[in-house]
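Heads up, the thing below is written out as structure tokens.
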Amino acid sequence: MSLSSHHAVYVGSFDPLTLGHVDIIRRAAAIFDRLTVGIGINPDKRPLFSPDERLLLTREVLKVFPNVEVDCFQGLTVDFIRQRGARILVRGVRTLSDIEAEFTMTLANRALDSEIDTVFLMASEGYTHISSSLIKQIAQLGQGNTATKLCDFVPNEVIQPLLSKYRPNVPAT
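Each residue of the sequence shown is one higher than the one before, starting from 937 at the first, in the numbering used here.
Structure (structure tokens):
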């Protein structure tokens, strides 16, 4: 199968999808003709959201991008990219420590499949501090109007499902 350099793939656990992720997706969708967002399923991890929940939430948020598709996958990222017919892996980096980890992963991916290249997009300044761990902590421990606080970190569509994971008896707003 011929791989397209006009088609890129952006992978992650997206547990939950953040505004930082959406920013990278928006920018990558403007660069490439087609972008596939791959939600990685790691059976060794215990995510907050199930694969189906992450898929539905991510599709809902990203439906505004006509050239973006979303799917779940298991296994190696390079295999998923090749199955999609893409040649480019998009990675977002926030900090210097991200760059070091991504450099190592890029070398491993290159050893696994030399036809796939990685393109790095630096996180926009307003999103460099956002991590899923921070978001989960705010959702779990936040007092008062936590939804208002979360709107600076996650898309609106994610707020209520996120809060319901920690506060199942709180009605939707």
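For each residue, glycine too, the CB sits at the ideal point set by N, CA and C.
Coarse secondary structure for residue i, derived from DSSP in three states
i, result
"residue 957", "helix"
"residue 963", "helix"
"residue 940", "strand"
"residue 952", "coil"
"residue 1040", "helix"
"residue 985", "coil"
"residue 1059", "coil"
"residue 1089", "coil"
"residue 1009", "strand"
"residue 970", "strand"
"residue 1082", "helix"
"residue 1095", "helix"
"residue 1109", "Bear in mind that the predicted position of residue 1109 carries a pLDDT of just 48, short of 50, making it too unreliable to give a figure here."
"residue 975", "strand"
Whole-Å CB distance - residue i paired with residue j, under 8 Å assumed
i, j, result
"residue 1022", "residue 945", "5 Å"
"residue 994", "residue 973", "6 Å"
Residue-chain proximity (residue i, chain C), Cβ-Cβ < 8 Å
i, result
"residue 965", "Chain labels in this structure do not include chain C; a single protein chain is all it has."
One or two residues paired with residue i in a DSSP bridge
i, result
"residue 997", "Partner(s): none; residue 997 has no beta bridge."
"residue 1024", "944, 1053"
"residue 1014", "DSSP output for residue 1014 lists no bridge partner at all."
Option nearest residue i by Cα separation, candidates the options
i, options, result
"residue 1018", "1103, 1000, 1030, 1049", "1049"
"residue 1098", "1075, 1004, 997", "1075"
"residue 965", "1069, 998, 1102, 1071", "998"
"residue 1079", "962, 942, 1103, 984", "1103"
"residue 1015", "939, 1093, 1090", "939"
(message) Three or more C-beta pairs under 8 Å: does that hold for the segment 988-995 against the segment 1041-1055?
(response) no
(message) Would you call the segment 973-983 in contact with the segment 1080-1090, where contact means no fewer than 3 C-beta pairs closer than 8 Å?
(response) no
(request) Please determine if the segment 1056-1072 and the segment 999-1012 are in contact, where contact requires at least 3 C-beta pairs separated by less than 8 Å. (result) no
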